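Trainee:
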Amino acid sequence: MILEKLVVGPYETNCYIIGSAKKKEVYIIEPGGEANRIINKLDLLQYKPIGIILTHTHPDHTKTLKPLMQRYNVPLWYNKKEL
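Per my numbering, the sequence shown starts with residue 250, numbered consecutively.
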C-alpha cells in the first residue's frame, strides 16, 4: 500500500496520496495547494494518478484541482451536497 502525506498551501492542508504499491496507481486526496510540488512527488515516485477525492470543497482543499485534472485527466469524487 502507498500512503504519502504532503502538507501543502498557505493553510497547510494535509494532502494524501494513497493507492496500490503493486500497480503504482494512486488517488490524490485534498490537493489543497502547490500543484507543482504534488506533481513532482508523483513523477519522482512514478505514481499514476487514477482519481482525486475531496472530503469537502473549501478552497483550501480544492486550489490545485484544475492543474491536476488537466495534467492527469482523472475523475473527481466529492459529496454532491457540497455544490
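Where a beta carbon is used, it is the ideal one built from N, C-alpha and C, also for glycine.
Given the structure is predicted, the values throughout are model-derived calculations rather than measurements.
Do residue 275 and residue 264 have their beta-carbon atoms positioned less than 8 Å apart in this structure?
Mentor: As a working mapping, residue 264 is identified with position 15 in the sequence shown. As a working mapping, residue 275 is identified with position 26 in the sequence shown. For residue 264 and residue 275, no; Cβs fall outside 8 Å.
Trainee: Comparing C-alpha positions only, which one of 290, 288, 313 sits nearest to residue 259?
Mentor: Within the sequence shown, numbered from 1, the residue matching residue 259 stands at position 10. Of the candidates 290, 288, 313, the one whose C-alpha sits nearest the C-alpha of residue 259 is 313.
Trainee: Quick check on DSSP: helix, strand or coil for residue 335?
Mentor: In this structure the chain extends from 250 to 332, so residue 335 is not present and cannot be described.
Trainee: Per DSSP, what kind of secondary structure is residue 263 in: helix, strand or coil?
Mentor: Taking the sequence shown and counting its residues from 1, one reaches residue 263 at position 14. Correct three-state label for residue 263: strand.
Trainee: Do the CB positions of residue 344 and residue 266 come within less than 8 Å of each other?
Mentor: Here the chain has residues from 250 to 332 only, and residue 344 is not among them.
Trainee: Among 270, 290, 305, 300, which one has its Cα closest to the Cα of residue 327?
Mentor: Working through the sequence shown from its first residue, we reach residue 327 at position 78. When each option's Cα is compared against that of residue 327, the closest is 305.
Trainee: Would you call residue 279 buried or exposed, if buried means 16 or more other Cβ atoms sit within 10 Å of its Cβ?
Mentor: Locating residue 279 in the sequence shown gives position 30, counting from the first residue. By the 10 Å Cβ count, residue 279 comes out buried.
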